[in-house]
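The structure under discussion appears below in the form of structure tokens.
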Amino acid sequence: IKTIQVTVNNVNDAPIVIRPDSMEVSPGLWVERISISEGEEAQQIKLGDIFHDADINDEMQIKRPEKVPSWITINANNNIEASPENNDVGTTLLEWSATDPQGVKAIYRLELEVLNVNKTPTLDAKATSTVIKAKEKRN
209 IKTIQVTVNN VNDAPIVIRP DSMEVSPGLW VERISISEGE EAQQIKLGDI
259 FHDADINDEM QIKRPEKVPS WITINANNNI EASPENNDVG TTLLEWSATD
309 PQGVKAIYRL ELEVLNVNKT PTLDAKATST VIKAKEKRN
């Protein structure tokens with residue numbers, strides 16, 4: 209009987225994004241688009257855990273979004289509270305990244321789209337208007 213010795217070397221696994229509605233658009237970059245409406249009371253978006261690393265005992269360094277508009281707050285659990293107004297309509301990009309001890313990075317980019325809500329026109333009582341009556345031509 210011959211004995212065979214097998215050595216298995218660990219290969220670093222890159223961190224990944226585990227948000228179910230995100231899509232990997234290029235190696236290491238996941239994008240998710242969430243739409244909310246402007247003018248409503250504070251809207252909650254629960255992101256929770258974003259990243260996972262399959263390597264046992266790998267501690268990831270998480271970097272959170274740096275430039276956040278004043279109508280958005282993000283708590284320690286990555287839950288977002290958003291209160292956009294009409295002038296916030298459009299898309300705001302928020303980006304998180306996770307880097308493992310070997311320097312391999314995963315990026316999660318949230319495209320937060322603020323939708324315009326059509327509002328009923330209102331009469332401005334202070335506005336003045338002038339009615340011009342056209343003269344009728346007679347032939």
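347 is the number that our numbering gives the last residue of the sequence shown; the numbers go up by one with no jumps. Think of the CB as a built atom: it goes at the ideal place given N, C-alpha and C, for glycine as much as any other residue. Bear in mind the structure is a predicted one, so any value in this text is a computation, not a measurement.
Counterpart residues of residue i in DSSP-defined beta bridges
i: Ala306; result: Ile270, Ala314
i: Val322; result: Ile244, Gly298
i: Val225; result: Phe259
Residue i, enclosing beta strand (DSSP E) - first and last residue
i: Ile152; result: This structure cannot speak to residue 152, because the chain is shown only from 209 to 347.
i: Arg241; result: 237-245
i: Ile253; result: 251-254
i: Ser230; result: Premise fails: Ser230 is in no beta strand (DSSP E) and is neither H nor E.
i: Ile212; result: It is not in any beta strand (DSSP E) - Ile212 carries neither H nor E in the DSSP assignment.
i: Ile282; result: 280-282
Nearest-angstrom beta carbon gap, residue j and residue i [assumed within contact, 8 angstroms]
i: Val325; j: Ser243; result: In fact, because the Cβ distance is near 12 angstroms, the residues do not count as touching under 8 angstroms.
i: Asn287; j: Gln310; result: Their Cβ separation, rounded to whole angstroms, is 30 angstroms, which puts Asn287 and Gln310 out of contact at 8 angstroms.
Rounded C-alpha distance that separates residue i from residue j
i: Asn294; j: Leu323; result: 9 angstroms
i: Gly256; j: Asn285; result: 5 angstroms
i: Gln213; j: Ser305; result: 40 angstroms
i: Ile282; j: Thr211; result: 57 angstroms
i: Ile264; j: Ile224; result: 14 angstroms
i: Lys254; j: Asp308; result: 24 angstroms
i: Ser267; j: Pro273; result: With the sequence shown as reference, residue 267 is identified as Glu, and Ser is not the correct amino acid for it. Between Glu267 and Pro273, the C-alpha separation is close to 19 angstroms.
i: Ser291; j: Gln269; result: 29 angstroms
i: Phe259; j: Lys334; result: 54 angstroms
i: Thr215; j: Ala222; result: 22 angstroms
i: Thr328; j: Asn220; result: 57 angstroms
i: Leu302; j: Glu319; result: 7 angstroms
task = Please determine if the stretch 312-322 and the stretch 234-242 are in contact, where contact requires at least 3 C-beta pairs separated by less than 8 angstroms.
result = Touching, yes, given that three or more Cβ pairs across the two stretches are closer than 8 angstroms.
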